[in-house]
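Asks: Residue numbers (this note's numbering): 278 to 378.
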Amino acid sequence: MRHSADNDPMKKEHGQMAKVEVYATEWCPYCKRARKLLEEKGAKYELIDVMMEPRRKKEMMDRANGKHTVPQIFINDEHIGGCDELMALNAKGGLDSKLSA
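#1: Cα separation between L315 and I350?
#2: Excluding the five sequence neighbours on either side, which residues of its own chain have a C-beta within less than 7 Å of the C-beta of K334, listed in chain order?
#3: With H, G and I counted as helix, E and B as strand and the rest as coil, what does DSSP make of A368?
#4: Given a cut-off of 8 Å, decide if L376 and I352 are closer than it, judged by their beta-carbon atoms.
#5: From the DSSP output, in three-state form, read off E355 for me.
#6: Work out the CA separation of C308 and V347 for me, nearest whole Å.
#7: May I ask which residues mark the beginning and end of the beta strand (DSSP E) holding E323?
#8: For E330, name the three-state secondary structure that DSSP assigns.
#9: Judging by CA-CA distance, which residue of E323, C305, P306 and G370 is the nearest neighbour of A295?
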C-alpha cells in the first residue's frame, strides 16, 4: 500500500524520491508517529502491515538484522531502524537528504 502527502517538497529534479518502506501495524503508536513524520516530509512510502501479511514479518526481521519490533523503516534499502532512530535522524538534519537521495 503506497501512501503520500499532497505536498511533495522532497521530490528530486526528475520527480523521483527515495524508496521508503515501513514495516508496521495499524494499531502501533510508534508506527503512527513514524508515518506521520514521513507524511509531514511529503515522503511517499510503502506500508507493509505485518499483521495483515504475517509472512512479511520474517522478511522484515531478515532485513533488520533480527529486529522484530515495529516499525522498521528502510530508505533506499538502507535500514534506518525504528521510530526512535527515524526521529533522531530527523533531529540531526539527516532525514531530508536521505529522502531526496
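Even for Gly, the Cβ is constructed at its ideal location relative to N, Cα and C.
Replies: Looking at the atomic coordinates:
#1: Walking along the sequence shown from the start, residue 315 turns up at place 38. Walking along the sequence shown from the start, residue 350 turns up at place 73. For L315 and I350, the gap between their C-alpha atoms comes out near 10 Å.
#2: Against the sequence shown, residue 334 aligns to sequence position 57. Once the five neighbours on either side are set aside, the close Cβ partners of K334 are V327.
#3: Your numbering for residue 368 matches position 91 in the sequence shown. Helix.
#4: Locating residue 352 in the sequence shown gives position 75, counting from the first residue. Locating residue 376 in the sequence shown gives position 99, counting from the first residue. For I352 and L376, yes; Cβs fall inside 8 Å.
#5: Your numbering for residue 355 matches position 78 in the sequence shown. E355 falls in the strand class under three-state DSSP.
#6: Counted from its first residue, the sequence shown places residue 347 at position 70. Counted from its first residue, the sequence shown places residue 308 at position 31. Roughly 7 Å between the two C-alpha positions.
#7: Residue numbering aside, residue 323 sits at position 46 when the sequence shown is read from its first letter. Y322 to D326 is the extent of the beta strand (DSSP E) around E323.
#8: For the purposes of this step, residue 330 is identified with residue 53 of the sequence shown, where counting begins at 1. Residue state, collapsed to three classes: coil.
#9: As a first step, residue 295 is located in the sequence shown; it is residue number 18 there, counting from the start. Looking from the CA of A295, the closest CA among E323, C305, P306 and G370 belongs to E323.
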